[in-house]
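Comments concern the structure below.
Residue numbers (UniProt numbering): 1 to 702.
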């Protein structure tokens with residue numbers, strides 16, 4: 001008898017939860033293996049689109065989340081592109097997928113990045129050698145991938161060659177921009193500029209632009225541009241080099257025009273449109289950002305070169321340079337357009353996968369759109385015609401910088417620390433969480449027109465009198481000299497003269513907070529000054545942020561003074577978390593109970609005609625590290641004794657303005673350059689105003 005055939009066992013995994021999960025994972029793995037390269041190349045393209053659209057947000061955004069997303073995309077984009085090219089080199093072998101080899105030049109294009117971002121931070125510019133090496137190696141790999149192709153249609157080979165050249169050009173642009181903006185090179189250029197400055201200053205020569213006969217004319221043109229708030233973006237000579245210089249020198253034109261400058265500034269101060277100076281500075285700093293972090297500086301070089309040649313196109317050499325500059329500017333967009341035309345006429349639908357053809361069109365059309373959009377933005381931003389002026393009036397136009405003022409609150413810092421100590425969560429976790437999510441002790445407020453006008457008008461007031469031009473070397477002494485006599489030592493004078501700048505700022509910050517929160521408004525109602533009162537507190541919070549959060553001019557001793565001050569406040573408040581007014585009132589009361597100001601004893605210990613002993617010097621050094629709360633309380637009491645709120649807050653505001661002018665040129669070039677990519681800092685704008693309006697910057701080392 002014939003035997004029965006064996007029963008065929010089912011090949012599928014039983015429908016148990018584990019088996020179902022394994023089946024799904026197997027399907028996903030197979031799907032990934034089938035479309036791995038297509039997915040990688042589309043992800044790479046998507047990252048380029050995101051960088052093009054979102055990178056510009058760094059100019060005006062201080063939020064941590066957008067910055068983190070942009071950093072993640074910036075760091076991932078190159079890795080994904082290199083990974084995709086590696087898979088193209090080993091995985092594009094199937095006959096129906098020969099079109100994948102056409103994508104290798106697009107990877108080079110993606111590695112070249114977008115015009116809107118070349119570096120995320122200044123340190124990225126130092127990696128230009130690595131990018132040059134990557135350019136060579138990835139170009140070799142892309143060439144190897146293309147050499148494996150066996151396309152019957154030579155038009156596809158020509159299209160690939162064009163895209164290959166375009167990818168090399170774009171990546172070369174990025175590498176050159178990184179090289180040009182490297183900090184080492186900028187500092188070298190800054191040193192050369194200082195040498196030229198020293199030589200020209202000795203001969204009283206100036207750098208005068210076309211259309212200006214003298215330095216006076218140059219300054220008149222500059223002020224006119226400031227009043228034209230919506231004019232074209234100004235171009236400063238080596239602006240990015242000037243900004244990163246730690247020894248920023250005064251403008252030669254302002255030195256040469258010193259005799260005419262006071263009258264020019266008086267006229268400027270009386271003009272109701274003088275607020276335009278801030279728009280002028282913002283546009284100038286926008287150009288610095290372009291040179292340091294984008295390809296805008298290179299694009300601007302091509303465009304400005306074309307305009308210069310057109311202006312004086314007289315001989316054959318000028319025409320040759322015109323063609324070279326025009327070719328460099330238009331080559332990527334023209335090459336991509338020619339590639340698209342060749343690809344459209346290539347016989348491909350019967351030979352290659354339909355999905356691969358669609359992806360190729362997405363890559364081509366997307367690359368053309370991104371390139372043309374970048375080119376148009378560059379042309380409009382460097383155009384003198386009305387096109388770029390229209391941009392200023394577009395609804396919803398993005399700001400050139402954040403226009404926010406950071407505020408550091410010492411009481412809020414104490415409250416957060418006190419709450420953390422009372423929590424069951426370890427302190428190190430609180431600190432780590434704060435670093436990840438941002439420092440809650442720092443908030444941001446809008447910079448009001450009142451504050452901008454206050455800073456500008458005081459600057460112009462100083463500039464209108466030659467004897468006041470050294471105001472950037474004053475830390476409040478000039479303002480105090482108008483009210484107090486220096487014959488009798490007071491806590492106010494000792495808070496300015498007897499300590500370093502960060503300690504002086506800490507003392508005046510606490511005193512300002514005491515005056516602000518404990519001010520008897522009913523008593524000074526008829527003579528109040530709410531504008532100066534608010535502005536003084538905003539400036540005090542901002543300068544505290546610069547020193548104790550950004551660590552500008554911060555020393556080890558200053559850190560210790562800040563720490564002991566916080567501990568003194570904690571002791572006065574008993575670890576309680578109270579509202580600001582109640583807390584500062586308790587701190588003031590506890591300080592007055594002590595009736596001893598150890599921070600001030602250093603001044604009196606060496607008074608008289610007795611020589612200062614080594615023991616006294618040691619005691620002075622120890623006293624300088626004590627809490628500033630007692631001294632700040634004494635300063636606040638002396639300020640409160642000034643009759644009239646208008647006079648008192650006018651003085652406090654003037655002291656903080658002088659401190660702002662003092663710290664602006666001493667922040668360091670790295671600080672100003674770095675913060676251009678994090679929304680910008682108001683102190684950077686103040687520095688550029690001081691540089692552009694007169695010879696107000698202190699000498700190196702002052």
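Ideal Cβ positions, reconstructed from N, Cα and C, are used throughout, including at glycine.
Nothing here was measured: the structure is a model prediction, and the numbers come from that model.
C-beta atoms of residue i and residue j nearer than 8 Å
i           : j           : result
residue 420 : residue 570 : no
residue 303 : residue 382 : yes
residue 265 : residue 460 : yes
residue 87  : residue 40  : yes
residue 678 : residue 62  : yes
residue 564 : residue 495 : no
residue 110 : residue 174 : no
residue 216 : residue 691 : no
residue 724 : residue 682 : Nothing can be reported for residue 724, as the shown portion of the chain is limited to 1 through 702.
residue 275 : residue 449 : yes
residue 70  : residue 55  : yes
residue 163 : residue 674 : no
residue 181 : residue 291 : yes
Cβ distance (whole Å) where residue i is taken to contact residue j below 8 Å
i           : j           : result
residue 547 : residue 554 : 6 Å
residue 293 : residue 65  : About 20 Å separates the two Cβ atoms, so there is no contact after all.
residue 346 : residue 156 : 5 Å
residue 658 : residue 478 : 6 Å
residue 400 : residue 286 : 5 Å
residue 447 : residue 405 : 5 Å
residue 47  : residue 77  : 4 Å
Backbone CA spacing between residue i and residue j [nearest angstrom]
i           : j           : result
residue 586 : residue 572 : 7 Å
residue 576 : residue 412 : 12 Å
residue 168 : residue 120 : 22 Å
residue 344 : residue 364 : 11 Å
residue 113 : residue 170 : 8 Å
residue 490 : residue 699 : 30 Å
residue 687 : residue 552 : 14 Å
residue 481 : residue 475 : 12 Å
residue 508 : residue 635 : 8 Å
residue 138 : residue 160 : 16 Å
residue 483 : residue 558 : 28 Å
residue 253 : residue 473 : 21 Å
residue 22  : residue 357 : 33 Å
residue 74  : residue 195 : 38 Å
residue 45  : residue 666 : 43 Å
residue 58  : residue 20  : 46 Å
residue 562 : residue 653 : 23 Å
residue 33  : residue 106 : 21 Å
residue 99  : residue 172 : 26 Å
residue 125 : residue 183 : 7 Å
residue 279 : residue 226 : 7 Å
Own chain residues within Cβ distance below 6 Å of residue i, not counting five before or after
i           : result
residue 261 : 694
residue 179 : 128
residue 141 : 85, 89
residue 177 : 118, 295, 298
residue 607 : Its pLDDT being 43, under 50, residue 607 is placed unreliably in this model, and the coordinates cannot settle the point.
residue 533 : 649
residue 104 : 88, 142, 145, 146
Same chain, Cβ closer than 8 Å to residue i, neighbours up to 5 away in sequence not counted
i           : result
residue 368 : 333, 336, 337, 340
residue 49  : 366, 370
Nonlocal neighbours in the same chain, by C-beta distance under 7 Å from residue i, ignoring five residues either side
i           : result
residue 375 : 333
residue 5   : With a pLDDT of 47 at residue 5, under the threshold of 50, the predicted position of this residue should be treated as unreliable, though the coordinate-derived value follows. Nothing listed; no residue qualifies.
residue 701 : none
residue 537 : 512, 516
residue 326 : 306
Option in the options with minimal Cα separation from residue i
i           : options            : result
residue 684 : 306, 470, 282, 633 : 282
residue 255 : 463, 57, 317       : 463
residue 655 : 535, 557, 106, 682 : 535
residue 649 : 673, 517, 135      : 517
residue 468 : 195, 697, 21       : 697
residue 248 : 72, 187, 19        : 187
residue 440 : 226, 415, 452      : 415
residue 151 : 660, 352, 405, 519 : 352
residue 640 : 568, 136, 519      : 519
residue 452 : 135, 68, 277, 630  : 277
residue 108 : 146, 71, 284       : 146
residue 582 : 514, 471, 371, 326 : 514
residue 263 : 466, 42, 502       : 466
residue 273 : 133, 223, 318, 319 : 223
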